[in-house]
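One structure is given here, and the rest of the page talks about it.
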Amino acid sequence: MAHQISDVSGRAEIAYAGETHGTGLGVRVNGLQTAAEMLNHAGLEWGVGLQPVCRQDGRPVEGFRFTMREDCDVVLGACPSTTSRSRTCRPRR
């Protein structure tokens with residue numbers, strides 16, 4: 007995926023208005039006026055949440071969280087924790 011466009015759903019997850027961009031991938035959303043309309047039309051209505059970073063044995067790594075795509079639990083990145091709220095860690099399968 008050299009173009010850095012997600013394809014977790016089985017298709018290029020990108021929306022655009024106007025001319026087709028260089029990759030030729032994605033869903034054209036001309037005429038849609040709000041971000042919500044564009045996301046709905048392109049099938050990109052998924053949320054992002056935070057999950058604890060855990061070792062393989064389930065022990066948490068203090069000070070960091072994963073940014074996760076909520077519809078399929080794909081890790082989008084890691085970030086420093088900004089809250090003391092914690093959730094139970096479970097080993098990755």
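Be aware that the sequence shown starts at 7, since it is given in my numbering, and climbs by one per residue.
We put the CB at the ideal spot given by N, CA and C, even for glycine.
These numbers come from a predicted model, not from an experiment.
Please tell me whether Ala-48 and Phe-70 are closer than 8 angstroms, where the distance is taken between their beta carbons.
In the sequence shown, the residue the question calls residue 48 occupies position 42. In the sequence shown, the residue the question calls residue 70 occupies position 64. No, the pair does not count as a contact, with Cβ atoms beyond the cut-off.
What span of residues does the alpha helix (DSSP H) with Glu-3 cover, start to end?
With the chain running from 7 to 99 in the structure shown, residue 3 is simply not present.
Nearest-angstrom Cβ-Cβ length linking Ile-11 and Ala-18, presumed shorter than 8 angstroms
Numbered from its first residue, the sequence shown carries residue 11 at position 5. Numbered from its first residue, the sequence shown carries residue 18 at position 12. Confirmed, Cβ separation roughly 5 angstroms.
Cβ shell of Thr-29 (< 6 angstroms), same chain only, five flanking positions each side left out:
Along the sequence shown, read from residue 1 onward, the residue named residue 29 stands at position 23. Result list for Thr-29: His-9, in chain order.
Spatially closest choice to Val-80 from Pro-86, Gln-57 and Gly-24, by CA coordinates
Your numbering for residue 80 matches position 74 in the sequence shown. The shortest Cα separation from Val-80 among Pro-86, Gln-57 and Gly-24 belongs to Gln-57.
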